[in-house]
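Undergrad:
In this note's numbering, the protein residues as written are 840 to 1058.
1. Give a yes or no on whether 7 Å exceeds the smallest Cβ distance from residue 969 to chain C.
2. Given a cut-off of 7 Å, decide if residue 896 and residue 870 are closer than it, judged by their beta-carbon atoms.
3. Roughly how many angstroms lie between the CA atoms of residue 943 and residue 958, to the nearest whole one?
4. Give me the Cα-Cα distance between residue 964 and residue 973, rounded to the nearest whole angstrom.
5. For residue 946, does the count of other Cβ atoms within 10 angstroms reach 16, so buried, or fall short, so exposed?
6. Quick one: what does DSSP say residue 968 is sitting in, helix, strand or coil?
7. Whole angstroms are fine: how far does the CA of residue 941 sit from the CA of residue 924?
8. Can you tell me whether residue 857 is buried or exposed, with buried defined as 16 or more other CB within 10 angstroms of its CB?
9. Specify the secondary structure class of residue 916 as computed by DSSP and reduced to three states.
10. Taking C-beta to C-beta, are residue 863 and residue 913 nearer than 7 Å?
11. Decide if residue 892 is buried, meaning its Cβ has at least 16 other Cβ atoms within 10 Å, or exposed.
12. Taking just the CA atoms, how far does residue 905 sit from residue 916?
13. Rounded to the nearest angstrom, what separates residue 859 and residue 903 at their Cα positions?
14. Starting from residue 855, trace the alpha helix (DSSP H) in both directions and tell me its first and last residue.
15. Have a look at residue 935 and residue 928 and give me their C-alpha separation to the nearest angstrom.
16. For residue 866 versus residue 877, is the C-beta spacing smaller than 7 Å?
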């Protein structure tokens, strides 16, 4: 019985052949002992038996040598098979690694494409935000200008109304809503000053006019 079998391992074909070789060796040793016993006698039977035992011993030794040769061949085959299995397993692992690497590369490429698209989308959104901000600023400017024009229109209308009420007569080509410095060129019958005209007009439209020292507010 082989050591591998004794320690609980699996007995291989080489182990079995080696065990048979050990049995053949033991048989040869037993035959040799019988041959030694035959040398004590000189009878024809002893000689015949000695020759027969010697032949059996040679056969047993030859059998043992063949069994050991077969056992070595079996061990070599087991080693080759084990290496082949290991090679196949390594190749399988290599193929799995290659497959996973290819999948990761493909995934990374897909992520890169999505990232590029996302960057383009962000850039478009940024440009859109800039456009919206620009348009909003432009709209705010227009609203501000419209409000200013509305204030100026209200201012001019109020001043013109006061001037007409005070008896001012505009010169040819001059609008009634001219600045105070223009209105001061006329001599109103009521002798109203520019400040008095401003205060009256300011009260008339709710106190939203600019002070009279801003000469060109109504232009």
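Ideal placement from N, C-alpha and C gives every residue a C-beta, glycine not left out.
TA: The structure says:
1. Structure shown: chain C not included; a single protein chain is present.
2. In the chain shown, residue 870 corresponds to position 31, counting from 1. In the chain shown, residue 896 corresponds to position 57, counting from 1. Yes, the pair counts as a contact, with Cβ atoms nearer than the cut-off.
3. On the chain shown, residue 943 is found 104 positions in, with the first residue counted as 1. On the chain shown, residue 958 is found 119 positions in, with the first residue counted as 1. Taking the straight line joining both Cα atoms gives about 22 Å.
4. Within the chain shown, the letter at position 125 stands for residue 964. Within the chain shown, the letter at position 134 stands for residue 973. Looking at the two C-alpha atoms, the distance is approximately 14 Å.
5. Numbered from its first residue, the chain shown carries residue 946 at position 107. Looking at its Cβ environment, which holds fewer than 16 other Cβ atoms inside 10 Å, residue 946 is exposed.
6. Here residue 968 refers to the residue found at position 129 when the chain shown is read from its first residue. Correct three-state label for residue 968: helix.
7. Counted from its first residue, the chain shown places residue 924 at position 85. Counted from its first residue, the chain shown places residue 941 at position 102. Approximately 25 Å, taken between the alpha carbons.
8. Translated into the one-based positions of the chain shown, residue 857 becomes position 18. Answer is buried; the Cβ neighbour count reaches 16.
9. Looking up residue 916 in the chain shown gives position 77. It is helical.
10. On the chain shown, position 24 is the one that residue 863 refers to. On the chain shown, position 74 is the one that residue 913 refers to. No.
11. The sequence position of residue 892 within the chain shown is 53, counting from 1. Residue 892 should be labelled buried.
12. Within the chain shown, the letter at position 77 stands for residue 916. Within the chain shown, the letter at position 66 stands for residue 905. Distance between the alpha carbons of residue 916 and residue 905 is about 16 Å.
13. Mapped onto the chain shown, residue 859 falls at position 20. Mapped onto the chain shown, residue 903 falls at position 64. Distance between the alpha carbons of residue 859 and residue 903 is about 7 Å.
14. As a working note, residue 855 is residue 16 in the chain shown. Its alpha helix (DSSP H) spans residues 852-877.
15. Your numbering for residue 935 matches position 96 in the chain shown. Your numbering for residue 928 matches position 89 in the chain shown. So the two alpha carbons sit approximately 10 Å from each other.
16. Here residue 866 is taken as the residue at index 27 of the chain shown, counted from 1. Here residue 877 is taken as the residue at index 38 of the chain shown, counted from 1. No, these two residues do not count as a Cβ contact at 7 Å.
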